[in-house]
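Please read the structure below before turning to the comments.
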Amino acid sequence: NGTCQVADRKCHVVKGPNGKECVDVVKTCTCSGSCRLTPYKKAYREFVYDSDAGRGRYQTRIVDVGKCSGPCPKLSRSDYCTKIRKQLHFLCKLSMSSAVQLKCVPASVRPVAIRTSPTQSISVMAVQSCSCKEL
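For the sequence shown, our numbering assigns the number 22 to the initial residue and increments by one for each residue that follows.
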C-alpha cells in the first residue's frame, strides 16, 4: 500500500460571522509505494549513416519508453474545516469530507531523438519516474 503526503495546498477565503477565515485546501499530493515505473519497449525504424560504407541504412531501434503501473490509494480529505475562534479555542462550524482518486502517472519524462530519414528526426518521450496524482 502506498502512502500519500500533501505536496501543495492553497488558502480558500471564506467569509464568516467574525470576518474572513482561511480554509486550508489540498491542491496536489504525492505518493510512494505501489505506483512504479515498469519497462515498456517500442520499436522504431531509424536511419543510421554507415561511414565505412559511405551510405545510410535503416535499422530497428528498440526504446524503453517506460510505463507507469500499480495502484494508488484513495486520499481522504476530511480536514476541510471552517474554523471560528471562540476565546482560546477553535470551533469547527463547517466540515467537508471527500475521497480523491489518485492515478499512477509519469512524474518526469525525457526526450529520445530518433532519426527517421536522412533529413528528419522525431522525439519520443520516455518516462523516467512515476507518482500518484489527483485525477
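For glycine and all other residues, C-beta sits at the position ideal for the given N, C-alpha and C.
Note down the Cα distance separating Gly37 from Val121, rounded to an integer number of angstroms.
Using only the alpha carbons, I get a separation of about 27 Å.
Near Asp85, what residues of its chain come up, given a Cβ to Cβ distance below 6 Å and the 5 sequence neighbours on each side ignored?
Answer for Asp85: Pro60 and Lys62, listed in chain order.
If you draw a straight line from the C-alpha of Gly40 to the C-alpha of Val34, how long is it?
Approximately 10 Å, taken between the alpha carbons.
Roughly how many whole angstroms lie between the Cα atoms of Gly87 and Arg76?
So the two alpha carbons sit approximately 32 Å from each other.
By the three-class DSSP mapping on this structure, what secondary structure does Val86 have?
It is coil, neither helix nor strand.
Any idea which residues DSSP pairs Ala134 with across the strands?
Ala134 pairs with Ser144.
What is the rounded straight-line gap between the Cα of Ile83 and the Cα of Ala134?
About 12 Å.
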